[in-house]
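In my numbering, the protein residues as written are 9 to 108. Built from N, CA and C at the ideal position, the CB exists for glycine as well. Beneath this line is the structure, given in C-alpha cells, with notes to follow.
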Amino acid sequence: MTSLKNIIMRRDSTPPNEDYKIRCPRLGHQITFSYCRSENGGLPCFKTLDCWFEHFLVEEYLREELKPEQWDQVFGRPPKPKMLSLVELIEQAKMMKKEQ
C-alpha cells in the first residue's frame with residue numbers, strides 16, 4: 009500500500025487511485041479524483057485544478073485528456089456567480105418535477 013506521504017510527494021501526471029480522497033470545498037465531504045473528473049456532465053468540475061494541483065500534475069493530465077474546446081468550456085471561462093448557479097439549479101429541479 010502506498011503511503012499518503014508518497015502520494016502527496018509524487019509529481020507526475022498520474023491521478024491517484026480510488027482509495028485516495030480529498031475534501032471537496034463545494035460538497036463538504038471526501039471525494040475521489042474520478043468524481044471531480046466527470047461531475048460536470050462528463051467534464052471536470054471547474055475547481056478541479058485548484059483542488060488537485062498539490063496531489064499530482066492535474067493540469068498536465070487534463071490537457072492530455074480533454075479536447076481544446078472542452079478545456080475552454082471548463083477552465084477557459086470565468087465561473088458563474090453563485091447566485092446564478094443556484095437559480096439554474098432551482099429551474100432544473102422545477103423542470104424535472106414537471107416531467108415526473
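Residue i: CB within 8 angstroms of a non-hydrogen atom of the ligand GTP
i	result
F41	Among the components modelled here there is no ligand, and therefore nothing to report on the ligand GTP.
Cα-Cα separation, residue i to residue j
i	j	result
F77	Y43	Per the sequence presented here, residue 77 reads as Glu, with Phe not at that position. For E77 and Y43, the distance between alpha carbons rounds to 21 angstroms.
V95	A101	10 angstroms
I30	P23	13 angstroms
D20	I98	40 angstroms
E26	R45	12 angstroms
Assigned secondary structure, residue i (DSSP; H/G/I helix, E/B strand, else coil)
i	result
Q108	coil
R71	helix
R45	helix
Which listed residue (the options) has its alpha carbon closest to that of residue i
i	options	result
F83	M104, E107, L51, Q100	L51
K90	R34, N25, Y28, D20	R34
Exposure of residue i, with buried meaning 16 or more beta-carbon neighbours within 10 Å
i	result
M9	The predicted model places M9 with a pLDDT of 46, which falls under 50 and marks its position as unreliable, so this point remains unresolved.
L92	exposed
F64	buried
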